[in-house]
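Heads up, the thing below is written out as structure tokens.
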Amino acid sequence: MIESYLTGLVVCGGIIIAIGAQNAYVLGQSIRREHHWWSAGLCMTSDVILFTLGMFGVSAALMAMPQALEVLRWLGVVFLGWLAVQALIRAGWGRSALETDTATQRSVKGVVFTTLAVTLLNPQVYLDTLLLIPSIGAQQEDAASFVAGASSASVLWFGGLAWFGSSMAPVLSKPAAWRVIDGLIGLMMAAIALQLAIGGL
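Numbering (this note's numbering) for the sequence shown: 89 to 289.
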């Protein structure tokens with residue numbers, strides 16, 4: 089039970105930290121201090137729901153088709169490798185600083201709708217929550233504990249983005265900070281992809 093929980097925590101934590109559209113949006117909201125807890129809370133809730141649906145649905149499918157494990161394994165390797173390449177490219181070329189101008193504040197409704205769009209209209213979210221993470225969780229002894237661990241990682245990550253993003257706005261708004269973050273993300277994703285390729289699921 090504890091092992092399954094920790095596996096879910098580590099696996100999901102390693103994947104969710106990859107700065108994609110969802111994470112960058114939440115971080116941007118936090119740096120601008122613009123209803124960032126609403127945004128982070130929606131992302132947490134979406135992850136918990138998708139983890140639960142994906143975990144038990146994929147588990148049933150894998151029990152019926154064990155050969156699908158190899159397909160999922162290599163899809164995971166390709167996907168994580170792609171994330172690593174994208175992050176390392178961003179680290180090399182850099183990206184623009186996030187805008188921290190608070191002159192124009194949007195309404196809570198506007199932030200909520202945008203967060204839902206960034207979350208639910210992003211194919212990467214479904215690859216993570218309905219394919220990659222559940223394919224690893226299906227190998228655990230306690231599926232519920234794995235989902236709890238994965239959900240905890242989401243809560244900790246988005247809670248951290250909301251809290252530290254707002255408190256560290258002067259530092260995180262600089263392009264140099266983004267290069268460091270992207271470099272670390274790229275190395276982490278590459279390491280996970282390599283482990284999955286060599287050690288399997």
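Positions of the beta carbon are idealized from the N, C-alpha and C atoms, including for glycine.
The alpha helix (DSSP H) enclosing residue i, as first and last residue numbers
i	result
ALA236	231–255
THR203	196–208
MET89	Unbroken run through MET89: none, as it is neither H nor E.
LEU272	263–287
ILE221	221–225
Assigned secondary structure, residue i (DSSP; H/G/I helix, E/B strand, else coil)
i	result
ILE137	helix
ARG121	coil
LEU94	helix
GLN228	coil
ILE105	coil
GLY182	coil
GLN155	coil
THR188	Confidence is the limiting factor: at THR188 the pLDDT is only 46, short of 50, which leaves the residue's position unreliable, though a coordinate-based value still follows. THR188 falls in the coil class under three-state DSSP.
CB contact check: residue i to chain B, cutoff 8 Å
i	result
ALA172	As a matter of chain content, chain B is missing from the structure shown, which is built from one protein chain.
For residue j and residue i, the rounded distance between their alpha carbons
i	j	result
VAL165	GLU158	11 Å
SER223	THR133	21 Å
LEU130	LEU209	14 Å
GLY248	ALA285	30 Å
PHE167	TRP125	29 Å
SER239	ILE119	24 Å
TYR113	VAL206	8 Å
ALA236	SER92	9 Å
VAL268	PHE144	36 Å
TRP251	LEU94	23 Å
GLY253	ARG178	20 Å
PHE201	PRO258	27 Å
THR203	ARG161	30 Å
LEU97	HIS123	27 Å
ALA241	GLY101	5 Å
Per-residue burial, residue i [other beta carbons within 10 Å of its own, 16 or more giving buried]
i	result
GLU229	exposed
TRP245	buried
ALA175	buried
SER255	exposed
ASP189	Caution is warranted here: a pLDDT of 47 is assigned to ASP189, below 50, making its placement in the model unreliable, and the coordinate value is therefore given only provisionally. Its Cβ having fewer than 16 others within 10 Å, ASP189 is exposed.
TRP266	buried
SER195	exposed
GLY274	buried
MET89	exposed
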